[in-house]
Amino acid sequence: MSKRVVVAGIPGVGKTTVLKELQKLLGESGASVEIVNFGTVMKGLFEGAGQSMQRDEMRGRAVDLQREVQGKAAAIIAERGGHATVLVDTHMFVETKDGFLAGTPSHVLAGLKPSLFILLEANPEEISKRRLVDKDRLRGPGGHGKVMEELSWSRATAAACGVLTGAPVKIITNESGRQREAAEAILRLLSSRDWCN
Ligand code: AP5
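If you're matching positions, the sequence shown starts at 58 in the working numbering and goes up one per residue.
Quick look at the structure:
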């Protein structure tokens, strides 16, 4: 049966970059792992309902609507993968107008049934710089204090997910210029469980 692994990290930590590296490594090894971006699935659902928007605008929508779309996205992702392991690229929380909204609240966890959480982290100064680099993104403020707050909220939320699911939480660091090493660490973790055959 397919396993789901949640890969989360605060905006600008480099999840997408590391998962692209992982995709290359998987291609080289012929392993069967599918990578799905939760935000892309949510965006498709919004668009399907006639609400097109830039991906960074979704967290500005009403919280009730985001929660509903989260549940639908989890149900779609739960159907993916066949026998392959599915890595879900997402966030431990998103910052909404009403406050921090959990990225994998209980109704999402019930759909995804993740077997493992991987929390990507990086040096806070580095994250602030990365947020400034991508001019086409609207990642919001990223001063040192803000990034520190988000990193600690992310860990706290990951701990809560671990309690709710019984799944372990592995923290992996995406150091500057070392995205390949972070991807290799993920691959080793999956291989050690025989989840990428
Ligand atoms: P999402 O799709 O996750 O946004 P994203 O673009 O994938 O991710 P981030 O903005 O978090 O950036 P990143 O950490 O992937 O960094 P990147 O690799 O680009 O989310 C979009 C939206 O979907 C959310 O805002 C939310 O509204 C919604 N959403 C998603 N999940 C949800 C959920 N569960 N519930 C509710 N809503 C949800 O890298 C950033 C920069 O750093 C790049 O320039 C890159 O080149 C550079 N960089 C990365 N790694 C390194 C390195 N090692 N060294 C040097 N530079 C690096």
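C-beta atoms are modelled at their ideal positions from N, C-alpha and C, and glycine is treated no differently.
- The straight-line gap separating the alpha-carbon atoms of GLY96 and ILE134 is approximately 11 Å.
- When beta bridges are read from the DSSP output, ARG245 appears opposite no residue.
- Note on geometry: alpha-carbon atoms of GLY66 and GLU91 lie some 19 Å from one another.
- Spatial neighbours of HIS148 in its own chain (CB-CB distance under 6 Å, excluding positions within 5 residues in sequence) are listed in chain order as ALA65 and GLY160.
- Exclusion of the five residues before and after MET110 leaves PHE103 as the residues of its chain whose Cβ lies within less than 7 Å of its Cβ.
- Three or more Cβ pairs closer than 8 Å define a contact, and the stretch 232 to 243 falls short of that threshold against the stretch 213 to 221.
- The beta carbon of PRO171 sits no closer than 7 Å to any heavy atom of the ligand AP5.
- Residue burial annotation: PRO171 is buried, with at least 16 other C-beta atoms found within 10 angstroms of its C-beta.
- Checking the 7 Å criterion, the Cβ of GLU232 is within range of a heavy atom belonging to the ligand AP5.
- By the Cβ test, the stretch 225 to 239 is in contact with the stretch 74 to 82, since at least three Cβ pairs between them sit closer than 8 Å.
- For VAL126, the three-state secondary structure derived from DSSP is helix.
- In the structure shown, ALA159 adopts extended strand secondary structure according to DSSP, grouped into three states.
- Sequence-distant Cβ neighbours of LEU208 in its own chain, meaning closer than 7 Å and more than five residues away, are ILE67, GLU178 and PRO181.
- The beta carbon of HIS201 is closer than 8 Å to those of PRO181, GLU182 and SER185 in its chain, skipping five residues each way along the sequence.
- At a cut-off of 7 Å, the beta-carbon of MET110 does not count as near the ligand AP5: no heavy atom of the ligand is closer than that.
- Shortest gap from the CB of ARG235 to any heavy atom of the ligand AP5: under 7 Å.
- Counting only residues of its own chain and dropping the five nearest sequence neighbours on each side, ARG116 has a CB closer than 8 Å to the CB of GLN123, VAL151, GLU152, THR153 and LEU158.
- In chain order, VAL165, GLY168 and LEU169 place their CB closer than 7 Å to the CB of ALA131, counting only its own chain and leaving out the 5 sequence neighbours on each side.
- For the 8 Å CB-CB criterion, VAL226 and VAL145 do not form a contact.
- Relative to the ligand AP5, THR222 has its C-beta separated by 7 Å or more from all heavy atoms.
- Under the criterion of beta carbons closer than 8 Å, VAL143 and VAL93 qualify as touching, at roughly 6 Å.
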